[in-house]
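Okay, structure first, notes after.
Numbering (mature numbering (1 follows the signal peptide of the UniProt record, and there is no 0)), first residue to last: -30 to -1, 1 to 882.
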């Protein structure tokens, strides 16, 4: 025994000595070089892609050093020094390119992560299949396309496979290639086309260690009864996401309840689930989160009373998240709904509860509630004065619920509401009260109180905020001072209120560099806009429209290089368009209408602002010609230069407006879409649409659906010449207004090529000749005005043209036929005098002619009477003249009568 023990001790001592020696060697020689074969493969890989850090520099410049184990994104085994991990996901780099085929030379690679990088739509390499030791492969959101290589099934050691978020990746045939991956614990194939994978439920059920499965938006086929019978019950699956697949209840419920014994999180949103909420959900003893939004679920009568389905779920000890948003739940919400006492998150948004009243009794047991979303449910929240809720909410969404008319005082009790956490959203909630004094006591992260009738002024101290939306209320007073939280993008929308005074406080905004949206439109602001926009480096949308600003445009606007939307309409800005605006090369929406701007339209509008979709210079004092450089705006959908002093002819190059010339995919809404990560756990989604104020079908109106309207308005200018034939190539044009100019010649013979035209106004010009017969081919035409021209001939016959009011063709003396006359034989030949164009129309001439004739008669008559009345000699002479004239008439009449009587008597005598 002693001998054996001694030998064991010697072996143990020897083992420790060798270990210490190896460790000492490893620790003392920190510059050990990685193996040359291991170094060559990453270097070849580096040359196949580009990686830039946040400064735009080469992020892989250190990959030229000797020891590859110390390179960024590379990790080696501490003992063997073989490269085992390539992980680009944790680096805030921009990585793009392709994957070098040298990668399989890293034979000991166990983890390969390219999450959220850009591989330019390249195919997933088949040589990945030779990386036999891989345990993690993450290619999610990396812009791959094409089929999933079946060789990925060779990863017998693989535990995590993520291919989700590559919208152009698809699976050929079945998913049987997954079957050999028996060690798989996590599988993400989200946004992958699996429409032909009829075996998906069988394959998934035979992965014994699978814990996390995400098959969101995969176009999954329904589960057949035969495959269900072959499926084994899984006890490992804890996270399941089958959302956005349009799966019916009959296809998913039987399989789901067969594999759900250990499920913790379940997402079935955006499918075709119908009927009441199944009681079987209550058998999922481990479930904590259920997402069933955007389905066709209803509340059965027993569920409204609080029995069954929801009641069974409420008994689960760890259940914390219930999302039933946007289903067909209706009726009344029972007070027993409050039995879900463990809930942290409750979302019922988008259902219709028919104005049901919610009282404090519904919330009496929600001690753990942290997030509440009842938006768009038509619910009325009626709480007793002084009620103190048992919960502390960090997120409150009550859009379109009825909270008013008084401001809900119970919000004061929500301490998290007054700290910088997440956000309260009480948009359009019927509040018509003054904002209470306590409201601005602390900073807010996100606040939406838009579309109410809330009044009051802001405090004098700085307001801490990140996202603020107070549009369409009755706030008044001066512009407050805002302070934006460091490092987070911010948005401020104060439009459609009654704020007054100067906007100079914007120069003192703290954190202005992070502001991306700033809307002060439709208020009562006045004065000169301060020149301090250099501080607003990342501003993407700026709207100062419909105020009373004056002076020239601030030069610092040229520093807003990320600006996409700029609206300054409805003010009193003057001067020429400043050259520095050409620096705003990202502009898509530019509205400078209804101001006092002058000068010529600059050439750089077309040369530098090539991304413009909407351009309005309407109702200013611009002069000169339309620069041909404007034709370079190939994305332009709306061009409005009306009510200016623009002269010369229309440039033929307008045919280069590609969006109007051919059918292309258009932005239906020009909008700013911001996603702001908030403490990693949630996102703030801000959408902003700068509506265009345009003259549409005779009236001014806000038009947000810009992609549905392709329009050119050049009316009320001094344009001359003929309409260029090239204009007929704009076949997608919806509205064309050339009225009140001095155009001559004939209307385009190919006007009928503008098949989508709904509005055509050529009135008050000098067009002559016949109306083109092709005009009758415009079947969508609803507004037509050809009046006050010199058109002649018969109006072309068509159901469309004859349905217009005769005023659409009036004051064209040579036109005939319906709808202005039954036929052409009743119409007089047209006079040689041409029609009067522009503002000097023929009816104006006749009106002034008759007015002058009436005035002349009146002046002559009263002038003569005045002279006769005041001049005695003239009056006596006039009266003598009247007497003599009377005597002469009398004598002449008597003599004529005597002669006639004598002749009659003579004739009578002869006849006897």
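Positions of the beta carbon are idealized from the N, C-alpha and C atoms, including for glycine.
Remember, predicted model here, so these are calculated numbers, not experimental data.
Please name the residue in 462, 532 and 430 whose C-alpha comes closest to that of residue 437. Position 467 of the chain shown, counted from the start, is the residue given in the question as residue 437. When only C-alpha atoms are compared, the closest one is 462.
Inter-residue spacing [alpha-carbon to alpha-carbon] between residue 612 and residue 498: Taking the first residue of the chain shown as 1, we reach residue 612 at position 642. Taking the first residue of the chain shown as 1, we reach residue 498 at position 528. Approximately 26 Å between the Cα atoms of the pair.
Can you list, in chain order, the stretches of the alpha helix (DSSP H) that have 4 or more residues and sit fully within the region 163 to 246? 170 to 175, 195 to 200 and 219 to 226
Let me check one thing: in DSSP terms, what residues is residue 115 bridge-paired to? In the chain shown, the residue the question calls residue 115 occupies position 145. Answer by DSSP bridge pairing, in chain order: 93 and 138.
Residue -19 (DSSP reduced to helix, strand or coil): By 1-based counting over the chain shown, the position of residue -19 is 12. Here residue -19 scores only 40 on pLDDT, less than 50, and its place in the model should not be relied on; the value that follows carries that caveat. Three-state result, residue -19: helix.
Using a threshold of 8 Å, state whether the C-beta atoms of residue 344 and residue 373 are closer than that. On the chain shown, position 374 is the one that residue 344 refers to. On the chain shown, position 403 is the one that residue 373 refers to. Taking 8 Å as the Cβ cut-off, residue 344 and residue 373 do not qualify as a contacting pair.
Span of the alpha helix (DSSP H), counted from its first residue to its last, around residue 521: Counting from one through the chain shown, the residue named residue 521 turns up at place 551. No alpha helix (DSSP H) holds residue 521; the beta strand (DSSP E) holding it covers 518 to 521.
Report the start-end ranges of each beta strand (DSSP E) in the region 517 to 591 that is 3 residues or longer and not cut off at the edges. 518 to 521, 535 to 537, 542 to 546, 559 to 561, 566 to 570 and 584 to 586
Can you grab the Cα-Cα spacing for the pair residue 58 / residue 695, in whole Å? The count along the chain shown starts at 1 and reaches residue 58 at position 88. The count along the chain shown starts at 1 and reaches residue 695 at position 725. Answer to the nearest angstrom: the Cα atoms are 56 Å apart.
Quick one: any contact between the region 757 to 766 and the region 718 to 728, if contact means 3 or more CB pairs under 8 Å? no
Which of the three DSSP states, helix, strand or coil, is assigned to residue 754? What you label residue 754 is simply residue 784 of the chain shown in a count that begins at 1. If DSSP states are grouped into helix, strand and coil, residue 754 belongs with the strands.
Which residues in the same chain have their Cβ closer than 6 Å to the Cβ of residue 181, if we skip the five residues on either side of it in sequence? On the chain shown, position 211 is the one that residue 181 refers to. Excluding positions up to five away in sequence, the list reads 155, 206 and 208.
Considering just the uninterrupted stretch of the alpha helix (DSSP H) at residue 883, what are its terminal residues? The structure shown does not extend to residue 883, since the chain is modelled only from -30 through 882, so no value can be given for it.
Short Cβ contact (8 Å threshold) for residue 169 with residue 133: The residue you call residue 169 lines up with position 199 of the chain shown. The residue you call residue 133 lines up with position 163 of the chain shown. It is not a contact, given that the beta carbons lie outside the stated cut-off.
Beta-bridge partners of residue 492, as assigned by DSSP: The residue you call residue 492 lines up with position 522 of the chain shown. According to DSSP, residue 492 bridges with nothing at all.
Residue 319 classed as buried or exposed, judged by whether at least 16 other C-beta atoms fall within 10 angstroms: Here residue 319 is taken as the residue at index 349 of the chain shown, counted from 1. Under this definition residue 319 is a buried residue.
Does the beta-carbon distance from residue 506 to residue 530 come in below 8 Å? Walking along the chain shown from the start, residue 506 turns up at place 536. Walking along the chain shown from the start, residue 530 turns up at place 560. Closer than 8 Å, so yes.
Between which two residues does the alpha helix (DSSP H) harbouring residue 628 extend? Translated into positions along the chain shown, residue 628 becomes position 658. Residue 628 -> alpha helix (DSSP H) spans 628 to 631.
Let me confirm a value: residue 285 is counted as buried when at least 16 other C-beta atoms fall within 10 Å, else exposed. Which label applies? As a working note, residue 285 is residue 315 in the chain shown. By the 10 Å Cβ count, residue 285 comes out exposed.
Just the Cα atoms here: how many angstroms apart are residue 327 and residue 423? As a working note, residue 327 is residue 357 in the chain shown. As a working note, residue 423 is residue 453 in the chain shown. C-alpha separation (whole angstroms): 22 Å.
Going by beta carbon distance, what residues of the same chain come within less than 6 Å of residue 166, once the five residues before and after it are set aside? Start at 1 with the first residue of the chain shown, and residue 166 comes out as number 196. Result list for residue 166: 143, in chain order.
Using only CA atoms, which one of 403, 452, 380 and 445 lies nearest to residue 414? Residue numbering aside, residue 414 sits at position 444 when the chain shown is read from its first letter. The shortest C-alpha separation from residue 414 is found at 452.
Count the other C-beta atoms from every protein chain shown that fall within 10 angstroms of the C-beta of residue 404, then say buried if there are 16 or more, exposed otherwise. The residue given as residue 404 occupies position 434 in the chain shown. Classification of residue 404: exposed, given that the 10 Å Cβ count is below 16.
Cβ-based neighbour list, residue 873, same chain, cut-off 7 Å, excluding 5 preceding and 5 following: Sequence index remark: in the chain shown, residue 873 carries index 903 (1-based). Once the five neighbours on either side are set aside, residue 873 has no close Cβ partner at all.
Inter-residue spacing [alpha-carbon to alpha-carbon] between residue 519 and residue 501: The count along the chain shown starts at 1 and reaches residue 519 at position 549. The count along the chain shown starts at 1 and reaches residue 501 at position 531. Cα to Cα, residue 519 sits roughly 13 Å from residue 501.
Pull up the distance between the alpha-carbon of residue 277 and that of residue 302, whole angstroms please. Taking the first residue of the chain shown as position 1, residue 277 is located at position 307. Taking the first residue of the chain shown as position 1, residue 302 is located at position 332. Its pLDDT being 44, under 50, residue 277 is placed unreliably in this model, and the value from its coordinates should be taken loosely. Each residue's alpha carbon lies about 14 Å from the other.
For residue 802, does the count of other Cβ atoms within 10 angstroms reach 16, so buried, or fall short, so exposed? Residue 802 sits at position 832 when you count from the first residue of the chain shown. Because residue 802 carries a pLDDT of 44, less than 50, the predicted location of this residue cannot be relied on, and no value is offered for it.
What's the C-alpha gap between residue 762 and residue 778? As a first step, residue 762 must be located in the chain shown, where it is residue number 792. As a first step, residue 778 must be located in the chain shown, where it is residue number 808. Rounded to whole angstroms, residue 762 to residue 778 spans 14 Å at the Cα level.
List the residues that DSSP assigns as beta-bridge partners of residue 725. One-based indexing of the chain shown puts residue 725 at position 755. Residue 725 pairs with nothing; no bridge assigned.
Option nearest residue 263 by Cα separation, candidates 215, 233 and 21: Reading the chain shown from its first residue, position 293 is the one you call residue 263. The candidate whose alpha carbon is nearest that of residue 263 is 215.
Same chain, Cβ closer than 7 Å to residue 346, five either side skipped, listed in chain order: In the chain shown, the residue the question calls residue 346 occupies position 376. Here the set comprises 319, 320, 369 and 370.
Using alpha carbons as the reference points, say which of 473, 792 and 477 lies closest to residue 490. In the chain shown, residue 490 corresponds to position 520, counting from 1. Closest option to residue 490, Cα to Cα, is 473.
Which value, in whole angstroms, describes the spacing of the CA atoms of residue 605 and residue 250? Residue 605 sits at position 635 when you count from the first residue of the chain shown. Residue 250 sits at position 280 when you count from the first residue of the chain shown. Cα to Cα, the separation comes out at about 54 Å.
Is DSSP giving residue 450 helix, strand or coil here? Start at 1 with the first residue of the chain shown, and residue 450 comes out as number 480. Three-state DSSP puts residue 450 in coil, outside helix and strand.
Can you grab the Cα-Cα spacing for the pair residue 869 / residue 863, in whole Å? Taking the chain shown and counting its residues from 1, the one referred to as residue 869 is at position 899. Taking the chain shown and counting its residues from 1, the one referred to as residue 863 is at position 893. So the two alpha carbons sit approximately 10 Å from each other.
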